[in-house]
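Here's the structure, in structure tokens; my notes come after.
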């Protein structure tokens, strides 16, 4: 997008990606937005409607160009091609208008009572069935040229409709999430499906009542229904339960549902993505996510070509060879796709290097941010590859020498690996590594006897590699938890330390073969293990005593440090609304905090704020009163004073009334 025209022309000569771009149909676009796209039954003409201004464009596939364009008075909701070619077209428009076009252009225009949303053509009777913002389905007979009696449904509004191509059953999707099926011969309803209830499964999360947004028949018995919450339901007309429920997981209304019979696929699309999935298992075959929102999807018959109408001027054409061959008017696509698979080429971005802000700082090019030499993209920038190499050479001129040394070192290491090597222990957690090696040897002996498979070692596992390389993972043997959980670790660690010293001595001498230190007899080892089991409690006690002594020493050191430190006066600001009394309260609080819980409870019992009593079960029951703040105390005093004043006023008022009554009686 940010390349100059000259650069683009230069790229076209040498770049394969740009040369591969094919414009199948010339000017296959709309001025602003395309809303619907359809193919004629003979496959020669592709018709699309869009805005702005409202228009219809017809493209001839044999000529690979536009055949004609007609502007309309209002936007098109949907349209239908009644003939095999473009000679008979019906448009349903926004202003309740139904417009008929013939081969030469506009033919006739009429109006329906309510706003329409979709319509279908019934070929045996030449009837058009209109559904929309009404409970009625309007019927317009094209042979007689007049409206017939409408079908009265239970729905408040209807969104979509379709007629089965085999037995001509009429189905309509309602705003309440139901599908009503009608027989056009008797004009009676023959079935009702509650798709809103069936679309809600354990895995789906929906907001609001799902309404029907797409409807399509497949053969005599299958029907696919799309909901406004992003679910696609596949039905067998003989059952009221769906065969499969597929969720798009976007929560967007399903715009279109198509069937691909060669591979038994269903192609469903919402405004964001086109999904192709198996109608028997629901397994995803592939998906296409265009750059702009989708309005409609059209599958070219008996091929692997898809066309989309989007919220952009350009209408997209996708060719997927797995779905089927290319149409006969663009059969050269098959040869091109085969060549593309055989000759993979480099991308356009080989001339540019993507760098982050941190990379620019390391190279010393942070001052170029905002200039024409850097193009912002996502979390970094694109820069010319030649500039990048020059900056890298200047920032680190010895990079090649370091790279050469590293390569030589790797080669030497590879040759050393072929020699007989000593058992090298890692730098971090040497004792733990030695323990694992010993346990691994014992397990190998046991597995050989029992003829079992050897388990993988932690030293060879990449997931635990960092534990023997990073010093942050070093086991602290002096910690309290380690010493209490491993009371016998001292004896075992002493043995391992001896072994480690011997191994280090062998490595220093440069011996090629490592001789293991002679161990004790098996009887001696068994006696040692029995002694260890007996002295386990004593070891724990010793460790606890040592820990207590260490804590005492630490406390003494802290006291010495506290005595040596000089205290400086500190000033504190008093909050608004609080009164400063003295430092006595804080001193009392500190003294109370130093006392034990028993002493504090006794003190509160004396003050009357706490009451401790024994219960019948044998446990203790404590009741206490919360201390009131100064503000609460003042508020309570003011309320008490207010109540007293009201009482005195009431008494004086009653006294006056009694005196007046007596005066009247006396009079």
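In UniProt numbering, the protein residues as written are 1 to 667. All C-beta atoms in this analysis are idealised placements derived from N, C-alpha and C, irrespective of residue type, glycine included.
Reduced DSSP category for residue i - H, G, I as helix; E, B as strand; rest coil
i, result
"residue 631", "helix"
"residue 517", "Reliability of the predicted coordinates at residue 517 is poor, the pLDDT of 43 falling under 50, and no value is obtained from them."
"residue 434", "helix"
"residue 153", "coil"
"residue 472", "helix"
"residue 272", "coil"
"residue 41", "coil"
"residue 331", "coil"
"residue 593", "helix"
"residue 5", "helix"
"residue 607", "helix"
"residue 367", "helix"
"residue 170", "strand"
"residue 106", "strand"
"residue 652", "helix"
"residue 209", "coil"
"residue 658", "helix"
"residue 646", "helix"
"residue 458", "coil"
"residue 265", "strand"
"residue 428", "coil"
Inter-residue CB distance, residue i and residue j (contact presumed, cutoff 8 Å)
i, j, result
"residue 238", "residue 221", "7 Å"
"residue 91", "residue 122", "With a Cβ gap of about 18 Å, residue 91 and residue 122 do not count as contacting."
"residue 327", "residue 300", "6 Å"
"residue 112", "residue 98", "6 Å"
"residue 135", "residue 152", "7 Å"
"residue 363", "residue 395", "5 Å"
"residue 120", "residue 163", "5 Å"
"residue 30", "residue 313", "6 Å"
Separation of residue j from residue i, as counted between CA atoms
i, j, result
"residue 35", "residue 295", "5 Å"
"residue 520", "residue 438", "Here the model assigns residue 520 a pLDDT of 42, short of 50, so the residue's position is not dependable, and the following value carries that caveat. Approximately 15 Å, taken between the alpha carbons."
"residue 469", "residue 409", "20 Å"
"residue 358", "residue 369", "12 Å"
"residue 465", "residue 286", "39 Å"
"residue 22", "residue 190", "50 Å"
"residue 603", "residue 433", "59 Å"
"residue 605", "residue 611", "6 Å"
"residue 216", "residue 249", "21 Å"
"residue 459", "residue 436", "8 Å"
"residue 718", "residue 654", "Residue 718 lies beyond the stretch modelled for the chain, which goes from 1 to 667, so this question has no answer here."
"residue 391", "residue 367", "13 Å"
"residue 298", "residue 278", "18 Å"
"residue 324", "residue 372", "46 Å"
"residue 290", "residue 273", "7 Å"
"residue 400", "residue 413", "20 Å"
"residue 482", "residue 427", "21 Å"
"residue 558", "residue 644", "59 Å"
"residue 361", "residue 387", "15 Å"
"residue 541", "residue 476", "20 Å"
"residue 268", "residue 275", "5 Å"
"residue 651", "residue 658", "11 Å"
"residue 107", "residue 241", "45 Å"
"residue 24", "residue 311", "20 Å"
"residue 511", "residue 411", "Its pLDDT being 45, under 50, residue 511 is placed unreliably in this model, and the value from its coordinates should be taken loosely. C-alpha separation (whole angstroms): 23 Å."
"residue 194", "residue 179", "7 Å"
"residue 62", "residue 155", "45 Å"
"residue 564", "residue 547", "26 Å"
Chain C contact for residue i (CB, 8 Å cutoff)
i, result
"residue 183", "Of the protein chains in this structure there is only one, and it is not chain C."
Opening and closing residue of the beta strand (DSSP E) in which residue i lies
i, result
"residue 181", "178 to 183"
"residue 69", "65 to 71"
"residue 187", "Where residue 187 is concerned, there is no enclosing beta strand (DSSP E), given that its DSSP letter is neither H nor E."
"residue 196", "Note, residue 196: premise wrong, no beta strand (DSSP E); alpha helix (DSSP H) at 195 to 199."
"residue 82", "That residue, residue 82, is in no beta strand (DSSP E); it is neither H nor E in DSSP."
"residue 135", "Premise fails: residue 135 is in no beta strand (DSSP E) and is neither H nor E."
"residue 231", "231 to 236"
"residue 60", "55 to 60"
"residue 162", "158 to 163"
N- and C-terminal bounds of the alpha helix (DSSP H) containing residue i
i, result
"residue 388", "385 to 395"
"residue 406", "399 to 416"
"residue 357", "357 to 363"
The ligand FMN heavy atom lying under 7 Å from the CB of residue i
i, result
"residue 437", "Among the components of this structure there are no ligands whatsoever, and the ligand FMN is therefore not found."
**Asked** Are the region 316 to 333 and the region 71 to 80 touching by the rule of at least three beta carbon pairs closer than 8 Å?
**Response** no
**Inter-stretch contact (C-beta, 8 Å, three-pair minimum) for the region 227 to 245 and the region 206 to 213** = yes
**Message:** Is it the case that the region 54 to 63 contacts the region 317 to 325, given that we only count it when at least three CB pairs across the two stretches are under 8 Å?
**Reply:** no
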